[in-house]
Structure formats: structure tokens, C-alpha cells
Amino acid sequence: MTSSHRADARTILATATPATHRPLLAWAVGITACGHAIDPLTYWRTRDARRIAPDYSGQTLPAGRMLRLTRARIEITDGDLHQPLRLAWTDLGDVLDSGRVTDELIGRCEQAVIAWRDHPGGFRGVGWADVVDGCSRAGQAVWTACRPADPGEQLDLFALTI
252 MTSSHRADAR TILATATPAT HRPLLAWAVG ITACGHAIDP LTYWRTRDAR
302 RIAPDYSGQT LPAGRMLRLT RARIEITDGD LHQPLRLAWT DLGDVLDSGR
352 VTDELIGRCE QAVIAWRDHP GGFRGVGWAD VVDGCSRAGQ AVWTACRPAD
402 PGEQLDLFAL TI
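The sequence shown begins at 252 in our numbering and counts up by one.
Below, the structure written as C-alpha cells:
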């Protein structure tokens, strides 16, 4: 997974409108906020996207936007939006169910989570940074494989001059 996928996702989240292709928006939320290997692995085992929902989480996005995730919903807010952009956790589940997730990708997530759980130093110590990176790489690989086709509304956004 290259960092360009995360950068693309952050651009999508920063420029999304109510007309943005919903699967693309859900993918951008997923790769940005649910990129640890445990997230796609949990979904794959349960087929319930609410299981990857945090009680509450938030992060700032470019262009002064905020991404808020709760068990109930996902919202993107800022002053330019008349209403927040809202997604359901099932939207992220639909992206993960796109038919592009292979057994190999899920196996990588399983191995990364096992390494996380069984690290001899607990959640610190020699090699811990490598374990964390492995979990991120495995989770991000799943989201990268699931990226929906862009129907066009996000293409060349900065080429427009007014």
C-alpha cells in the first residue's frame, strides 16, 4: 500500500459533497479511520460492520473538516456543508464485500493481528514498531484492494478555475 492511497482518501474526504459517489466516500473513511488489520479481519469474521465502529472517534481533515465516527453513524462536517455528510457502517461493509478481498489479504491480517497479540514485550519493546507497521500495512492492503471506481466527480478537482 502506498501512502498515495491515504492521500487520495483524505482529498476525497476534504472535497466530498452530497453528490459524491457513496461507495467512494465509504472507502475513503475506511482506509483513513479503519486501516488497522483488526478492522477488516473483524468484519470478515462477523459480516457486521458495526463491530468495527468505535464508541467515539474523531479526526481533523484537510480544508477544516472533521470526521466523526460513533457506533450510530459516520459524519463529515465543516462550515461549508449545509448538512453533515453521513454514512452508515453498512456502507463500509458494502465496500469490503465488493468481491475483491482475497483469502491471502485476510491471511495477512490474521498474521498481523497474531503478531500484535503475541508480541513478547507486550505493547512496547524491541520490534513493537514493526508489529504496528505490519498491522497497518495488512489493513491498508485490504482497503486498497476494495477501492471502488471513481465515477468522475472527484477527478481533477483542482483544475477548475472560477
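Where a beta carbon is used, it is the ideal one built from N, C-alpha and C, also for glycine.
Computed from a predicted model, the values in this text were never measured in an experiment.
In the structure shown, residue 332 adopts coil according to DSSP, grouped into three states. Taking a 10 Å sphere around the C-beta of residue 398, we find 16 or more other C-beta atoms and assign the residue as buried.
For residue 337, the secondary structure class from DSSP, reduced to helix, strand or coil, is strand.
Remark: C-beta atoms of residue 305 and residue 393 do not approach each other more closely than 9 Å. Residue pairing of residue 283 in beta bridges, as defined by DSSP: absent, with no partner found.
Taking C-beta separations shorter than 8 Å and ignoring five residues to either side along the sequence, the partners of residue 293 in its chain run 302 and 303, following chain order.
Short of 7 Å from the beta carbon of residue 347, and not among the five residues preceding or following it, lie these beta carbons of its own chain, in chain order: 291, 294 and 397.
Restricting attention to 369, 341, 359 and 372, the CA atom closest to the CA of residue 287 is found in 359. Following the DSSP letters along the chain, one finds residue 321 inside the beta strand (DSSP E) bounded by residues 316-321. Secondary structure of residue 268 (DSSP, three-state): coil. When the Cα atoms are used, residue 343 and residue 268 turn out to be separated by approximately 18 Å. By the neighbour-count criterion, in which 16 or more other beta carbons inside 10 Å mark a residue as buried, residue 390 falls on the buried side.
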